[in-house]
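**Student:** Starting off with a structure, shown below.
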Amino acid sequence: MILKTKNLNLFYGSTKAINNCNINIEKNKVTAIIGPSGCGKSTLLRSMNRMNDFIDSFSIKGEILFDEKNIYDSKIDATELRKSIGMVFQKPNPFPKSIYENIIWGPKINGFEGDKDKLVEESLKDAGLWDEVKNRLNDSALSLSGGQQQRLCIARAIAMKPNIILMDEPCSALDPKSTAIIETLIKKLRKNYTILIVTHNMQQAARVSDFTLFLYEGEVIEFGDTEHLFRNPKNKQTEDYITGRFG
Amino acid sequence: MIKNNLKNRKKIDSIFKVASKIITWSSLVVLAVLLYHVSITGISKLSLDFLNNFPSRFPHKAGIKSALSGSIWMLTFVTLISVPIGVLSAIYLEEYSKKNRITRFVEINIANLAGVPSIVYGILGLAIFVRFFQLDRSVLAGSFTMSLLILPVIIISSREAIRAVPKSIRLGAYAVGATKYQTIRHHVIPIALPGILTGVILSMSRAIGETAPLIMIGALTYVAFVPETVMDPFTTLPIQVFNWASRPQAAFHEVAAAGIIILLIVLLFMNAIAIFLRNYSNKKYDF
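Quick note, the sequences are listed as chains A and B, same order.
First residue of the first sequence: 2, per my numbering; consecutive thereafter.
First residue of the second sequence: 806, per my numbering; consecutive thereafter.
What follows is the structure in structure tokens.
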């Protein structure tokens, strides 16, 4: 158990986005969060590395425990936390700098002392991008295709050697081919990282995840083994959603 | 029912096209005529002597040395004062300040200040810098006054440039454990730089052309020396041009035209720098 929520309630102003969520995220597994638009998937994900701190109206009740420590405790520094819990966003957002700079910037500003070239190579290899870019590391990251940019963003997250990588619909802006590459990558990354992935795409959840969490209007409807959840959903709503009756 | 009035709509389309064309070109023609007139009148006076001479009672001896150097002195200090203050204020307002009533009040008033007539800044400068801080009619007093005048514009344009930096870039930086300062320093500022520079140069161009506030604080109209320290009195190009143009002798009008040419050259030179800097930083951070 690497990440745990305890009676977690998330709010935007007075609107409740997540209601009383109690889940355990297992180490080195892929957990998918699914549900229709506006159900609170991204809100829940973003609260895990305190990216919601930048939204003024956001507030939280309850706890999120990472390594048994509440990450919203006043003693925990959000900047420090994000080194251990990395994030990949919906739209690829590489920095408008070189490919090399994109990878090394995070470690550099966090005081990385070591072989930079090696770290860049390893991270890009882990993200399955090395062969495509090894001869043009100094080119602008924006010269890459959308799918490559997203893998660069994954490499950027990996370079920090985090424990957990949060992915917020990482394939929604990509074509099927790039999506397939990233899905294969996610399955591979599970060996070293715990991955939480928010997705709109149920088939994707079924393909890549070990566990699936179904959210509906801020409530955890069902959470469990992916195969099980997709084969025999316990809840009527889950069944309706995964069979495409709504959503 | 849909009436097929395509013919009519196409007609309006072409009328609109022609109308906008005429309007654009007519304003350009006016500008061209003005430039032509100034050049024809002033070109005969332009010479190295004109650049090297101090103003004089005799039109053939009159030169622009003191005004040109006064303008350069003033502009240098205006840049040193207003750019750091303006850009840092913009960063604070855009990145750090909480959006509440006080900051909204500050924002509205900065926008208001941008619209205050320049003579009012002159009066303010006279009261604060010349009298209260006893800077007298120095380059420094002039620079501070002019800085006040252009600060709102620098702040507003810098804020717009900073606001245009995609949020996703900031989030990307935070997600790898960057502090706010690191995010601003390494990503926001470099990306916003072309926009900031454009605003800075535009306000510089305004500063170099302003006359009223400087006359108000007592910049001299006849200066036969070059400022050597920031506490020396000075004059600037537009004041000198105004002075010449208001003389009755026709010969001085030619001198004024020559002064205008110099002023325009300085302005064009500054704009060229702006364009160069903008292209240079665009190349580094192409979006």
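Think of the CB as a built atom: it goes at the ideal place given N, C-alpha and C, for glycine as much as any other residue.
1. May I ask you to list the residues that DSSP assigns as paired with glycine 225 (chain A)?
2. Please confirm whether serine 952 (chain B) has its beta-carbon closer than 7 Å to some beta-carbon of chain A.
3. At a Cβ cut of 7 Å, what residues of the region 1024-1055 of chain B count as close to chain A, listed as they run along the chain?
4. If distances are taken between C-alpha atoms only, which option among A:Ile56, A:Thr244, A:Ile166 comes closest to phenylalanine 90 (chain A)?
5. Could you tell me whether the Cβ atoms of alanine 160 (chain A) and proline 234 (chain A) are closer together than 7 Å?
6. Is there contact here, the region 928-941 of chain B with the region 868-876 of chain B, by at least three beta-carbon pairs under 8 Å?
7. Just mark asparagine 94 (chain A) as buried or exposed, buried being the case when its beta carbon has 16 or more other beta carbons within 10 Å.
8. Going along the chain, which unbroken runs of the alpha helix (DSSP H) with 4 or more residues stay wholly within the region 952-1015 of chain B?
9. Give the straight-line distance between the Cα atoms of lysine 28 (chain A) and asparagine 136 (chain A), rounded to the nearest whole angstrom.
10. How long is the line joining the alpha carbons of alanine 1079 (chain B) and serine 952 (chain B), rounded to whole angstroms?
11. By the DSSP assignment, the beta strand (DSSP E) with threonine 16 (chain A) in it spans what residues?
12. For glutamine 1045 (chain B), count neighbouring C-beta atoms within 10 Å of its own C-beta (all shown protein chains included) and say buried if the count is 16 or more, exposed if not.
13. From this set, B:Gly977, B:Ala983, B:Ile1006, B:Ala1017, which residue's C-alpha is nearest glycine 930 (chain B)'s C-alpha?
14. Here's the rule: buried if 16 or more other CB atoms are within 10 angstroms of the residue's CB, otherwise exposed. What is methionine 2 (chain A)?
15. Show which residues of chain A have a CB atom less than 9 Å away from the CB atom of threonine 984 (chain B).
16. Under a Cβ-count criterion, where at least 16 other Cβ atoms within 10 Å of its own Cβ denotes burial, should tyrosine 979 (chain B) be classed as buried or exposed?
17. Please classify proline 889 (chain B) as buried or exposed, where buried requires at least 16 other C-beta atoms within 10 Å of its C-beta.
18. For valine 935 (chain B), which three-state DSSP category applies?
19. How big is the Cα-Cα spacing for cysteine 22 (chain A) and phenylalanine 224 (chain A)?
20. Measuring only the C-alpha atoms, how far is glutamate 1059 (chain B) from serine 1051 (chain B)?
21. For proline 922 (chain B), does the three-state DSSP call read helix, strand or coil?
22. Does the distance from the CB of glycine 847 (chain B) to the CB of alanine 1063 (chain B) come in under 7 Å?
23. Return the Cβ separation of isoleucine 5 (chain A) and leucine 216 (chain A) in integer angstroms, given the expectation that the two are a contact with Cβ distance under 8 Å.
24. Do we get a CB-CB distance below 7 Å when we pair asparagine 94 (chain A) with the residues of chain B?
25. Whole angstroms are fine: how far does the CA of isoleucine 1065 (chain B) sit from the CA of phenylalanine 855 (chain B)?
26. Among A:Tyr13, A:Ile19, A:Gly14, which has the Cα closest to the Cα of isoleucine 222 (chain A)?
27. Please list the residues of the region 836-851 of chain B that have a C-beta atom closer than 7 Å to any C-beta atom in chain A, keeping them in chain order.
28. Report the residues of the region 989-1021 of chain B with a CB closer than 9 Å to any CB of chain A, ordered along the chain.
29. What are the start and end residues of the beta strand (DSSP E) that includes leucine 853 (chain B)?
30. Applying a beta-carbon distance threshold of less than 7 Å, which residues of chain B neighbour threonine 212 (chain A)?
31. Return the chain-ordered list of same chain residues with a C-beta closer than 6 Å to the C-beta of glutamate 252 (chain A), the five sequence neighbours on each side being excluded.
32. Can you name the residues of chain B whose CB is closer than 7 Å to the CB of lysine 84 (chain A)?
33. Considering only residues of the same chain and omitting the five flanking positions on each side of proline 864 (chain B), which have a CB-CB separation below 6 Å?
34. Quick one: grab the DSSP three-state call for asparagine 914 (chain B).
35. Nearest-angstrom Cα distance between lysine 30 (chain A) and arginine 191 (chain A)?
36. Excluding the 5 residues flanking isoleucine 820 (chain B) on each side, which residues of the same chain have their C-beta closer than 7 Å to its C-beta?
**Tutor:** Taking the geometry as given:
1. Here the question's residue 225 (chain A) lines up with position 224 in the first sequence. DSSP output for glycine 225 (chain A) lists A:Thr213 as bridge partner(s).
2. Counting from 1 along the second sequence, the entry for residue 952 (chain B) is found at position 147. By this cut-off, serine 952 (chain B) is not an interface position.
3. Listed by position along the chain: nothing, the set is empty.
4. Working through the first sequence from its first residue, we reach residue 90 (chain A) at position 89. When A:Ile56, A:Thr244, A:Ile166 are compared, the shortest CA-CA separation from phenylalanine 90 (chain A) is found for A:Ile166.
5. To locate residue 160 (chain A), count along the first sequence from 1; it is residue 159. To locate residue 234 (chain A), count along the first sequence from 1; it is residue 233. Against a cut-off of 7 Å, the Cβ pair of proline 234 (chain A) and alanine 160 (chain A) comes out as no contact.
6. Taking one beta carbon from each stretch, the region 928-941 of chain B and the region 868-876 of chain B have fewer than 3 pairs nearer than 8 Å; the two do not touch.
7. Looking up residue 94 (chain A) in the first sequence gives position 93. Per the 10 Å Cβ criterion, buried.
8. For the region 952-1015 of chain B, whole alpha helix (DSSP H) runs of length 4 or above, ordered along the chain, are 972-980, 985-988, 994-1014.
9. Sequence index remark: in the first sequence, residue 28 (chain A) carries index 27 (1-based). Sequence index remark: in the first sequence, residue 136 (chain A) carries index 135 (1-based). CA-to-CA, the gap between lysine 28 (chain A) and asparagine 136 (chain A) works out to about 35 Å.
10. Residue numbering aside, residue 1079 (chain B) sits at position 274 when the second sequence is read from its first letter. Residue numbering aside, residue 952 (chain B) sits at position 147 when the second sequence is read from its first letter. Straight-line measurement puts the Cα of serine 952 (chain B) at about 19 Å from the Cα of alanine 1079 (chain B).
11. The sequence position of residue 16 (chain A) within the first sequence is 15, counting from 1. Taken as a continuous stretch (DSSP letters only), the beta strand (DSSP E) holding threonine 16 (chain A) covers 16-22.
12. Against the second sequence, residue 1045 (chain B) aligns to sequence position 240. Burial call: buried.
13. What you label residue 930 (chain B) is simply residue 125 of the second sequence in a count that begins at 1. If you compare the alpha carbons of B:Gly977, B:Ala983, B:Ile1006, B:Ala1017 with that of glycine 930 (chain B), the shortest gap goes to B:Ala1017.
14. Your numbering for residue 2 (chain A) matches position 1 in the first sequence. Result: exposed.
15. As a working note, residue 984 (chain B) is residue 179 in the second sequence. For the C-beta of threonine 984 (chain B), the chain A residues within less than 9 Å are, from N- to C-terminus, Thr80, Ile110.
16. Translated into the one-based positions of the second sequence, residue 979 (chain B) becomes position 174. Buried, because 16 or more other Cβ atoms sit within 10 Å of the Cβ of tyrosine 979 (chain B).
17. The sequence position of residue 889 (chain B) within the second sequence is 84, counting from 1. Exposed, because fewer than 16 other Cβ atoms sit within 10 Å of the Cβ of proline 889 (chain B).
18. As a working mapping, residue 935 (chain B) is identified with position 130 in the second sequence. Residue state for valine 935 (chain B) is assigned as helix, using DSSP reduced to three classes.
19. As a working note, residue 22 (chain A) is residue 21 in the first sequence. As a working note, residue 224 (chain A) is residue 223 in the first sequence. Cα-Cα distance, rounded: 11 Å.
20. For the purposes of this step, residue 1059 (chain B) is identified with residue 254 of the second sequence, where counting begins at 1. For the purposes of this step, residue 1051 (chain B) is identified with residue 246 of the second sequence, where counting begins at 1. Between glutamate 1059 (chain B) and serine 1051 (chain B), the alpha-carbon positions lie close to 12 Å from each other.
21. Counting from 1 along the second sequence, the entry for residue 922 (chain B) is found at position 117. Residue state, collapsed to three classes: coil.
22. Residue 847 (chain B) sits at position 42 when you count from the first residue of the second sequence. Residue 1063 (chain B) sits at position 258 when you count from the first residue of the second sequence. It is a contact, given that the beta carbons lie within the stated cut-off.
23. Along the first sequence, one-based indexing puts residue 5 (chain A) at 4. Along the first sequence, one-based indexing puts residue 216 (chain A) at 215. The sequence given here has lysine at residue 5 (chain A), not isoleucine. No, lysine 5 (chain A) and leucine 216 (chain A) are not in contact; Cβ-Cβ is about 17 Å, not under 8 Å.
24. Position 93 of the first sequence, counting from 1, holds the residue named residue 94 (chain A). Yes, asparagine 94 (chain A) counts as interfacial toward chain B.
25. Locating residue 855 (chain B) in the second sequence gives position 50, counting from the first residue. Locating residue 1065 (chain B) in the second sequence gives position 260, counting from the first residue. Rounded to whole angstroms, phenylalanine 855 (chain B) to isoleucine 1065 (chain B) spans 12 Å at the Cα level.
26. Taking the first residue of the first sequence as position 1, residue 222 (chain A) is located at position 221. The candidate whose alpha carbon is nearest that of isoleucine 222 (chain A) is A:Ile19.
27. Listed by position along the chain: nothing, the set is empty.
28. For the region 989-1021 of chain B, the set of positions with a beta-carbon nearer than 9 Å to some beta-carbon of chain A reads His991, His992, Pro995, Ile996 in chain order.
29. Here residue 853 (chain B) refers to the residue found at position 48 of the second sequence. Taken as a continuous stretch (DSSP letters only), leucine 853 (chain B) belongs to no beta strand (DSSP E), being part of the alpha helix (DSSP H) at 853-857.
30. Locating residue 212 (chain A) in the first sequence gives position 211, where the first residue counts as 1. Per the sequence shown, the amino acid found at residue 212 (chain A) is phenylalanine instead of threonine. Those do not exist, as phenylalanine 212 (chain A) stays about 23 Å from chain B at its closest Cβ, beyond 7 Å.
31. One cannot answer for residue 252 (chain A) here, as it falls past the ends of chain A, which runs 2 to 248.
32. Here residue 84 (chain A) refers to the residue found at position 83 of the first sequence. Within 7 Å Cβ-Cβ: Gly982.
33. By one-based count along the second sequence, residue 864 (chain B) stands at place 59. Same-chain partners within the cutoff: Ala1056, Phe1057, Val1060.
34. Start at 1 with the first residue of the second sequence, and residue 914 (chain B) comes out as number 109. Helix at asparagine 914 (chain B).
35. Residue mapping note: residue 30 (chain A) aligns to position 29 of the first sequence, counting from 1. Residue mapping note: residue 191 (chain A) aligns to position 190 of the first sequence, counting from 1. Near 6 Å, if we compare the C-alpha coordinates of arginine 191 (chain A) and lysine 30 (chain A).
36. As a first step, residue 820 (chain B) must be located in the second sequence, where it is residue number 15. Taken in chain order, the list of residues that qualify is empty.
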